[in-house]
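Okay, structure first, notes after.
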Amino acid sequence: MFPTAKELLGRLNGWQRIGVILSIAWAIAMVTATAIQYSEAESIEAELSRDWPTLGTKFFVRWYDAKNGSSLSVWADKRTLTYPDARDRANLLLSQIHSGTITPMLGIAYHRLALALFVPITLLWCFAYVVTWLYKWVRNGFRRNV
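Set out below in structure tokens:
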């Protein structure tokens, strides 16, 4: 009743096949970038103890409190936060960690990963089909015998 994957892939033209390959390559690149960020993440104490605290600056990986799920970041408000504010926030987080008020855990920001995976792919496929349709529409306009 439903076509098999082999039958569906057999119906694709060359450009569509290139698009499928590029979409798969993009997905692999995004998952790889996430894995690299996760594996290169330092301990939370190391990130908070730097001269310039970096907690909360990774795109796909985030620190969060295991007790309530809230995100831990020194850059809560990037528009108004200055270095002294970030240093104070880092010191506050360190004291809360050492006192046991918060329990930091490293996690993947799945919503950001999903956005990075699907939004560019969807937009580029839509753009390609709109450009193809416009090209054919204009081409057919010149072919008409008036």
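The numbers in this note's numbering rise by one with no breaks, and the one at position 13 of the sequence shown is 200.
Note that beta-carbon positions come from the ideal geometry of N, C-alpha and C, so glycine has one too.
- When DSSP reads this structure, Asp252 sits in a beta bridge with Pro291.
- Per DSSP, the continuous alpha helix (DSSP H) segment holding Arg330 begins and ends at Tyr297 to Arg330.
- Using a Cβ distance threshold of 8 Å, Pro240 and Val207 do not count as a contacting pair.
- Annotated as distal: Ile284 and Thr221, with beta-carbon spacing of 8 Å or more.
- In this structure, the alpha-carbon of Leu311 lies about 21 Å from that of Leu195.
- Taking the Cα positions, Pro271 is about 12 Å away from Leu279.
- Contact between the region 241 to 250 and the region 295 to 304 is present, with at least three C-beta pairs closer than 8 Å.
- The three-state reading of DSSP puts Leu199 in coil, since its state is none of H, G, I, E or B.
- Membership of Ser236 in the alpha helix (DSSP H) is indicated by the continuous run Ile231 to Ser236.
- Close CB contacts of Ile289 within its chain, under the 6 Å cut and outside five residues either way in sequence, are with Asp252 and Gln283 (chain order).
- The DSSP-derived three-state label of Ser258 is strand.
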